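A.B. asks:
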Ligand SMILES: [Zn+2]
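In my numbering, the protein residues as written are 440 to 770.
Structural data, given as structure tokens:
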């Protein structure tokens, strides 16, 4: 794993003025990636991670216009070569020292010396299975290595496409004439599925609410349910390792693990024994107590920790994007 990146994420989380979990229209957010980055800029964030569900399309659409950690350091490296007398310069040797570069970058952020546009941390949020439970795994990258996940994500896309065809078929068989192309992915919304069907059923007055659509037809065990291809946590961890990313367990409090301290410790320890991971200790809808609980466990196990709003634009009104003033509660 890219452990240097993991500890860097902790460091910038501790500093604040960052947001390491945000969605765009490439998955289920309401802001386009451009709009999201504009907002990050007006919120004066130093770092923003784009972490759409199961796709890096958003990142690919905007990457030309933004710096990643790698491109920022590379640029610095070029200009630093002109000034080899500067002893503070981490790149005074010809070797590209990633760890020293990250330290330098964190310092720049701390003293407000970063460029006026936030640095983009490419990421993705994967749905994986751990002990028969679906959990979310964030994968972070310092630059374009995230594209090494492309083949895997493409396989997932194909599987999702097949599942969607079957979903449409079943809904039709139930007597609801849903158009064949209702779930076709678009550049704005490459990830579609049951929620979109539920919305269609509501819009066409076949049910009163999205919840009812799930309860009556789409939930597991109901007539329109089609099982999803499941990705095991171990497999995803391997992929992230091979592509030099760093994995972080997203919002552990959402899996019921914060109900008691022993359970949380047990789960996180098991995962940490599989691979070097971090935990998302700070999150918009985690209570103060839950955040403290996850953070102190991370400290105890010496795991990197992160903070993220889980911003979805207008699709989740209570998850506002963080700003320069954001600081995790324990610091
Ligand atoms: Zn998320």
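C-beta atoms are modelled at their ideal positions from N, C-alpha and C, and glycine is treated no differently.
It should be emphasised that the depicted structure is a prediction, and the values quoted were computed from it without experimental measurement.
Is it buried or exposed for residue 452, if we count other Cβ within 10 angstroms and need 16 for buried?
C.D. replies: For the purposes of this step, residue 452 is taken as the residue at position 13 of the chain shown. Buried: at least 16 other Cβ atoms inside 10 Å.
A.B. asks: Distance, Cα to Cα, residue 516 vs residue 476?
C.D. replies: Position 77 of the chain shown, counting from 1, holds the residue named residue 516. Position 37 of the chain shown, counting from 1, holds the residue named residue 476. Cα to Cα, residue 516 sits roughly 25 Å from residue 476.
A.B. asks: Could you give the DSSP three-state label for residue 691: helix, strand or coil?
C.D. replies: Taking the chain shown and counting its residues from 1, one reaches residue 691 at position 252. Residue 691 falls in the helix class under three-state DSSP.
A.B. asks: I need the boundaries of the alpha helix (DSSP H) containing residue 498, first residue and last residue.
C.D. replies: Here residue 498 refers to the residue found at position 59 of the chain shown. Looking at the DSSP string, the run of the alpha helix (DSSP H) that includes residue 498 is 496-501.
A.B. asks: Have a look at the DSSP bridge pairing and note the partners of residue 421.
C.D. replies: In this structure the chain extends from 440 to 770, so residue 421 is not present and cannot be described.
A.B. asks: Quick one: residues with CB closer than 5 Å to any heavy atom of ligand 1, in chain order, please.
C.D. replies: In chain order, the qualifying residues are 564 and 749.
A.B. asks: List, from N- to C-terminal side, the alpha helix (DSSP H) runs of 4 residues or more that fit wholly inside the region 456-507.
C.D. replies: You should have 472-481 and 496-501.
A.B. asks: Can you name the start and end residues of the alpha helix (DSSP H) that residue 717 belongs to?
C.D. replies: The count along the chain shown starts at 1 and reaches residue 717 at position 278. Unbroken run through residue 717 is the beta strand (DSSP E), 717-722; no alpha helix (DSSP H).
A.B. asks: For the pair the region 707-724 and the region 740-747, tell me if three or more CB-CB distances fall below 8 Å.
C.D. replies: Because the criterion of three Cβ pairs below 8 Å is met, the region 707-724 and the region 740-747 touch.
A.B. asks: Over the uninterrupted alpha helix (DSSP H) stretch that includes residue 744, give me the two end residues.
C.D. replies: For the purposes of this step, residue 744 is taken as the residue at position 305 of the chain shown. Here residue 744 belongs to no alpha helix (DSSP H); instead the beta strand (DSSP E) covers 744-747.
A.B. asks: Identify, in the order they occur along the chain, each residue of the same chain with its Cβ nearer than 7 Å to the Cβ of residue 676, setting aside the five sequence neighbours on each side.
C.D. replies: Residue 676 sits at position 237 when you count from the first residue of the chain shown. The residues are 686, 713 and 714.
A.B. asks: Could you tell me if residue 564 is buried or exposed, where buried requires 16 or more neighbouring beta carbons within 10 angstroms of its beta carbon?
C.D. replies: Sequence index remark: in the chain shown, residue 564 carries index 125 (1-based). So residue 564 ends up on the buried side.
A.B. asks: Keeping to the same chain, check which residues put their C-beta closer than 6 Å to that of residue 586; ignore five residues upstream and five downstream.
C.D. replies: As a working note, residue 586 is residue 147 in the chain shown. Taken in chain order, the list of residues that qualify is empty.
A.B. asks: Smallest Cα separation from residue 537: which of 494, 484, 608 and 445?
C.D. replies: Indexing the chain shown from 1 puts residue 537 at position 98. Of the candidates 494, 484, 608 and 445, the one whose C-alpha sits nearest the C-alpha of residue 537 is 445.
A.B. asks: Taking DSSP as the reference, what is the three-state secondary structure of residue 530?
C.D. replies: Locating residue 530 in the chain shown gives position 91, counting from the first residue. Low per-residue confidence applies at residue 530: pLDDT is 47, beneath 50, and the placement is therefore not dependable enough to give any value.
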